[in-house]
Amino acid sequence: MIKLLRRLLTLAVACGTVTFARAQDAGFESLFNGRDFTGWRFSLQKTGDPWPDNWKIKDGVIYLTGAMRPNLVTTREFGDFEVRFEWRALTPKFNGGFYIRCRPDAGNNQIRVDKSNEGAFLAGSIRGAKAAPTLQKAVGEWNEWRVLVKGAAVTLWCNGKLAWEATGLAPARGHIGLQAEGTPMEFRNLQVRELR
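In case it helps, the working numbering puts the sequence shown at residues 77 to 272.
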């Protein structure tokens, strides 16, 4: 029995190593280290501005209290990329957003994260791309999004299922951002792969 347990443990470790190696080989890098906001800033931040109270880190997860503004954005800009992350709502009525190629001088491309219109473009160069709300899980459960941005095209997958595809995205480069309005939300496992 002990030999069998050792073999199973060895196999489990080997499988985990292979999975990790594949993720690394695919070129994904973490956007959030789970400890601090290195690589992030809040929108319209000026040198010396204190970090806003509505953005916190709890148990390695980005926690948004839901207080209005400012949004959280990456310090880097991205052109073509694939991003995957998990989010969850903590109340039945929730309203958040995921920004792609956002720029202060060119507006914001926001994919809505909310109960009534999940996955729809709210603002920016694309309008009308809508995902079925049935693709998201119950409040309190983690949802996984995968967003592919290539040229003017955007594709969204929600929990492994294609939600929509759309074209017309502009500008060509910008920041990735997170937002919550009025209700608390959490984000984790943010990973990006730049496309060449």
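Where a beta carbon is used, it is the ideal one built from N, C-alpha and C, also for glycine. Remember, it's a predicted structure, so these values are computed and weren't measured experimentally.
Per-residue DSSP class, three states only, for residue i
i    : result
L266 : strand
L254 : strand
L43  : This structure gives no information on residue 43, because the portion of the chain shown stretches from 77 to 272.
L277 : In the structure displayed, the chain extends from 77 to 272; residue 277 sits before or after that span and is not available.
Between the CA atoms of residue j and residue i - distance to the nearest angstrom
i    : j    : result
T114 : V223 : 22 angstroms
G52  : I133 : Lying outside 77 to 272, the shown extent of the chain, residue 52 is not represented and no answer is given.
D156 : R177 : 9 angstroms
R179 : H251 : 7 angstroms
Q255 : R164 : 12 angstroms
E257 : G172 : 6 angstroms
V189 : V137 : 17 angstroms
Exposed unless 16 or more other CB atoms sit within 10 angstroms - verdict on residue i
i    : result
R152 : exposed
R98  : Residue placement at R98 is poorly supported in this model, since its pLDDT is 35, which falls under 50; the coordinates are not used for a value here.
R111 : exposed
R249 : exposed
Close Cβ partners of residue i (< 8 angstroms) along its chain, the five nearest in sequence each way excluded
i    : result
F118 : D125, W127, P128, W131, P146, N147, L148, V149
DSSP beta-bridge partners of residue i
i    : result
I138 : I133, F263
Contacting residues, own chain, Cβ-Cβ under 7 angstroms from residue i (five flanking each side not counted)
i    : result
K226 : D156, L271
E105 : Q267, V268
Own chain partners of residue i with C-beta closer than 6 angstroms, once the 5 adjacent residues on each side are dropped
i    : result
E162 : W218, E220, R264, N265
Y139 : K132, E262
E158 : L224, R269
Near the ligand GDP: residue i beta-carbon under 7 angstroms from a heavy atom
i    : result
F170 : The ligand content of the structure shown is nil, which means the ligand GDP is not present either.
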